[in-house]
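There are 2 protein chains.
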Amino acid sequence: MIKKYYLLSPGPTPVPEQALSVAAEPIIHHRTPEFSAIFMEVIEGLKYVFETKEDVFILTSSGSGAMETAVINTLNAGDKVITINGGKFGERWGKICRAYGIEVKEIMLEWGDLFTKEQLADELKSNPGIKAVFATLSETSSGTVYDIQGYGEVVAQTEAILAVDGISGLGATPCPMDDWKVDIMTAGSQKSFMIPPGLAYIAFSPKAWNLVEKSTLPKFYFDAKAYKKNLEKKTTPWTPAVSLIIQQKKSLDIIRSIGLEKLFEHHRILGDTTRAGAKAIGLELLSKNPGNILTAIKVPAGIDGVKLVKTMQGKYMAYIAGGQDPYKGKIFRIAHLGYMGGFDIITALSALEMTLSELGYEFEHGGSLKAAEAVLKENWE
Amino acid sequence: MIKKYYLLSPGPTPVPEQALSVAAEPIIHHRTPEFSAIFMEVIEGLKYVFETKEDVFILTSSGSGAMETAVINTLNAGDKVITINGGKFGERWGKICRAYGIEVKEIMLEWGDLFTKEQLADELKSNPGIKAVFATLSETSSGTVYDIQGYGEVVAQTEAILAVDGISGLGATPCPMDDWKVDIMTAGSQKSFMIPPGLAYIAFSPKAWNLVEKSTLPKFYFDAKAYKKNLEKKTTPWTPAVSLIIQQKKSLDIIRSIGLEKLFEHHRILGDTTRAGAKAIGLELLSKNPGNILTAIKVPAGIDGVKLVKTMQGKYMAYIAGGQDPYKGKIFRIAHLGYMGGFDIITALSALEMTLSELGYEFEHGGSLKAAEAVLKENWE
Numbered sequence: 001m002i003k004k005y006y007l008l009s010p011g012p013t014p015v016p017e018q019a020l021s022v023a024a025e026p027i028i029h030h031r032t033p034e035f036s037a038i039f040m041e042v043i044e045g046l047k048y049v050f051e052t053k054e055d056v057f058i059l060t061s062s063g064s065g066a067m068e069t070a071v072i073n074t075l076n077a078g079d080k081v082i083t084i085n086g087g088k089f090g091e092r093w094g095k096i097c098r099a100y101g102i103e104v105k106e107i108m109l110e111w112g113d114l115f116t117k118e119q120l121a122d123e124l125k126s127n128p129g130i131k132a133v134f135a136t137l138s139e140t141s142s143g144t145v146y147d148i149q150g151y152g153e154v155v156a157q158t159e160a161i162l163a164v165d166g167i168s169g170l171g172a173t174p175c176p177m178d179d180w181k182v183d184i185m186t187a188g189s190q191k192s193f194m195i196p197p198g199l200a201y202i203a204f205s206p207k208a209w210n211l212v213e214k215s216t217l218p219k220f221y222f223d224a225k226a227y228k229k230n231l232e233k234k235t236t237p238w239t240p241a242v243s244l245i246i247q248q249k250k251s252l253d254i255i256r257s258i259g260l261e262k263l264f265e266h267h268r269i270l271g272d273t274t275r276a277g278a279k280a281i282g283l284e285l286l287s288k289n290p291g292n293i294l295t296a297i298k299v300p301a302g303i304d305g306v307k308l309v310k311t312m313q314g315k316y317m318a319y320i321a322g323g324q325d326p327y328k329g330k331i332f333r334i335a336h337l338g339y340m341g342g343f344d345i346i347t348a349l350s351a352l353e354m355t356l357s358e359l360g361y362e363f364e365h366g367g368s369l370k371a372a373e374a375v376l377k378e379n380w381e
Numbered sequence: 001m002i003k004k005y006y007l008l009s010p011g012p013t014p015v016p017e018q019a020l021s022v023a024a025e026p027i028i029h030h031r032t033p034e035f036s037a038i039f040m041e042v043i044e045g046l047k048y049v050f051e052t053k054e055d056v057f058i059l060t061s062s063g064s065g066a067m068e069t070a071v072i073n074t075l076n077a078g079d080k081v082i083t084i085n086g087g088k089f090g091e092r093w094g095k096i097c098r099a100y101g102i103e104v105k106e107i108m109l110e111w112g113d114l115f116t117k118e119q120l121a122d123e124l125k126s127n128p129g130i131k132a133v134f135a136t137l138s139e140t141s142s143g144t145v146y147d148i149q150g151y152g153e154v155v156a157q158t159e160a161i162l163a164v165d166g167i168s169g170l171g172a173t174p175c176p177m178d179d180w181k182v183d184i185m186t187a188g189s190q191k192s193f194m195i196p197p198g199l200a201y202i203a204f205s206p207k208a209w210n211l212v213e214k215s216t217l218p219k220f221y222f223d224a225k226a227y228k229k230n231l232e233k234k235t236t237p238w239t240p241a242v243s244l245i246i247q248q249k250k251s252l253d254i255i256r257s258i259g260l261e262k263l264f265e266h267h268r269i270l271g272d273t274t275r276a277g278a279k280a281i282g283l284e285l286l287s288k289n290p291g292n293i294l295t296a297i298k299v300p301a302g303i304d305g306v307k308l309v310k311t312m313q314g315k316y317m318a319y320i321a322g323g324q325d326p327y328k329g330k331i332f333r334i335a336h337l338g339y340m341g342g343f344d345i346i347t348a349l350s351a352l353e354m355t356l357s358e359l360g361y362e363f364e365h366g367g368s369l370k371a372a373e374a375v376l377k378e379n380w381e
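One line per chain: the protein sequences are R and E, in this order. Counting from 1, one number per residue, gives the positions in the first sequence under our numbering. Counting from 1, one number per residue, gives the positions in the second sequence under our numbering.
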């Protein structure tokens, strides 16, 4: 049989053919009006997805580079911050802050558990002098979406800023930067932005920019002021990843032609479909608030979770993700993020059923497909 | 007339068609044996071009990110270093170091002037306690190649390390890292490595790695230890620019099939061709030691240098580079770097003649072409 490759991971995600093919075009020079025109169109498209009137800066780096940019441009050594650690990426905020001598009050959550805005308000009250709160929109390691809107309400009433890792969630689940009072929003190209990895995006509110002016942490490549100064000249401070930016233009055209609201609804349907499929064959979700970006599913008792992922990838070429750190072998993660269609979920569930069957799990064969199909059919238009 | 686009700038440089087309292939996941196999082949290819037995790390960033990586992984605040500033990129070493509280003894050179190993030895003698010397292989702003071999001899006799910006020169002009006792070598993907911008490369000698172990400057995204730890697992610490790495595999295949020695000779011929063409129509070079990467040519008296570059780019679509900073309007730069052929130089010179003629410069029309052709013919095989 011909075995096709299915990318079902929470980044990188599949790239639309139209955005792949432009990567094969000859490279143009980045210090030209021609490139600047494309670059500024991309900036406008990013502002549309960020739902902000602020500048969005384009970094040539992974999303972690944008997270570091958020920290080192607003803080000073010795500052006190809160980080919300509900998984591997929430944990990363703490690691970055500590690397720069920031005092971190780390909220340790069980993976998949929630943290309410009231809890955040309490933490801010009992920890005076907090300068920033670092949160995650969609925690990729657990599939959980947090209450950024609530955090924004709470943090806006204080002197602190709210910085959000929107790397895997932005563009797939609502998080309007300006309306929700997010002070720093970060994103990555290989998620809902539908292009390969290599670019990261970041925007600052006026409240955050005020801290940028006073920040003394050392920086060079990720110096936000250099990006701002160069954006005024329609360019970047350092040579940008030209081909990726041209791809981003193409994928943003697609994103804008669909529209953000419809994309959120699309991801909601795929999330519902995946959850319905999993539950129909007796599987449990890890998260107490599973988002529409990816679904983390518990490996059933008695089944080898590492073998499950290996079989999905190696035999069925369905590249879902395994569990990380304490959840290695205990969960697996099916993404429904970016350029995916409803039948991609049917495919994922079918490969999952074949795999589970092979590993000795007992369930009604076809059950997840039937349930998933029902959700898709109900929502199809 | 159909007007074709000619990329004749010192980065980005033209990408071979075979390396362009792979960028249009579907993205694969980066945490898979399949990607690791490609990744490790790229690492081997980079070691070949670096001429080193040390690890070469792949960063998703511009070359400036690799320069910052060199500084922040080896030094501590208050350390004393020497930077050799013969142009915009030599100047950048000083800027990065100062951003991190390093004490910089900056050697200020006229653009295009040389700095001998004896002069460096004197500076090291009269400035005790220097921990690192930061130099440039090929200074892109002036077209000058410096005596890295000599600097290596001198610095190796001291406690200091030698860090080299090889971003535009490595792979085009000899600079064997291990043989020439270079302690840190940096490079960028969009130069002789024949792919688009977005990746940077860096390697450390054991002497430099010894400093890495002791460095206390803050870092996260560019933390060399994280790259080393992950390279042992055949991967990167953060999501890498997958498509660019796959392109790099293709271009490294081309580079290895030609062979480094022949590539140096190729660039030597293109450099000679460009210089012969320029001189034949009475033009002067800026550099006292022009390299084979690009040629910086003085704008003749009475000619508007900004208009010259604009005409070359806008009318003839020959994307040479203008002068930077103090040399804006005073020089222009023709690159002969990476995936270029002899007739690309003929094209550049022809567009230059048409432009100069239009701007009122008097010269023997066709003179540069005749001289260039003679050099190419003599060397053609």
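Glycine included, C-beta positions come from ideal geometry on N, C-alpha and C.
With contacts defined by Cβ atoms closer than 8 Å, R:T69 and R:F222 form a contacting pair. In the DSSP assignment, the residues bridged to R:F134 are R:T83 and R:A163. Chain E places no beta carbon closer than 8 Å to that of R:Y316, leaving this residue out of the contacts. Between E:I345 and E:L286, the gap from beta carbon to beta carbon reaches 8 Å or more. Here DSSP, grouped into helix, strand and coil, assigns R:P290 to strand.
According to the DSSP assignment, E:K377 belongs to the alpha helix (DSSP H) that extends over G367 to N379. For E:V49, the enclosing alpha helix (DSSP H) covers residues P33 to F50.
With fewer than 16 other Cβ atoms inside 10 Å of its own Cβ, R:E159 counts as exposed.
R:T74 and R:V182 have their C-alpha atoms spaced approximately 14 Å apart.
Distance check between E:K307 and each of E:E265, E:T295 and E:Y361 places E:Y361 closest, using alpha-carbon atoms only. E:G11 sits away from E:R256, with the two beta carbons spaced by 8 Å or more. Using a Cβ-Cβ distance cut-off of 8 Å, the region 139-152 of chain E and the region 110-117 of chain E are in contact, since at least three pairs of beta carbons, one from each stretch, lie closer than that value. Using a Cβ-Cβ cut-off of 8 Å, E:G78 does not count as an interface residue toward chain R, since no Cβ of chain R sits closer than that to its own. Put simply, the region 312-324 of chain E does not touch the region 358-375 of chain R. Fewer than three CB pairs are less than 8 Å apart. R:H365 counts as exposed, since fewer than 16 other beta carbons sit within 10 angstroms of its beta carbon. In the structure shown, E:E213 falls within a helical segment according to DSSP collapsed to helix, strand and coil.
Within chain R, not a single residue places a beta-carbon under 7 Å from that of E:G305; the smallest gap is close to 16 Å. Each residue's CA atom was taken as its position, placing R:K88 and R:M108 some 11 Å apart.
Taking a C-beta distance under 8 Å as the contact criterion, E:G63 and E:I167 qualify as a contact pair. Only those residues of the region 286-298 of chain E whose C-beta falls short of 9 Å from the nearest C-beta of chain R would be listed, and there are none. Interface flag for R:S9 against chain E is set, since a Cβ pair is found closer than 8 Å. Burial check for E:N292: the Cβ neighbour count within 10 Å reaches 16 or more, so the residue is buried.
Approximately 37 Å separates the beta-carbon atoms of R:Q157 and R:I195; this is outside 8 Å, ruling out the contact. Taking the beta carbon of E:W238 as reference, the chain R residues within 7 Å of it are S62 and S64, listed in sequence order. For the region 191-208 of chain E, residues whose beta-carbon sits nearer than 7 Å to a beta-carbon of chain R comprise P196, P197 and G198. In the structure shown, E:G129 falls within a coil segment according to DSSP collapsed to helix, strand and coil. Listed in chain order, the alpha helix (DSSP H) runs fully inside the region 198-263 of chain E are 206-214, 224-231 and 242-258, counting runs of at least 4 residues. Close partners of E:H336 in chain R (Cβ separation under 7 Å) are lacking, with about 16 Å as the shortest Cβ gap. DSSP lists E:L199 as the beta-bridge partner residues of E:T60. Taking every protein chain shown into account, the CB of R:K125 has fewer than 16 other CB atoms within 10 angstroms, so this residue is exposed. Shown here for E:F57: same chain residues with a beta carbon closer than 6 Å to its own, the five before and five after excluded, namely I202 and Y227 in chain order. Sequence-distant partners of E:M177 (beyond 5 residues in either direction) whose C-beta falls short of 6 Å from its own C-beta, in its chain, are F50, E51, T52 and M185. Residues of chain E whose Cβ lies closer than 7 Å to the Cβ of R:A99 are, in chain order, P218, K219 and F220. Boundaries of the alpha helix (DSSP H) around R:F89: K88 to A99. Here the alpha carbons of R:G101 and E:L20 stand approximately 43 Å from one another.
Rounded to the nearest whole angstrom, the C-alpha separation of E:M340 and R:L263 is 44 Å.
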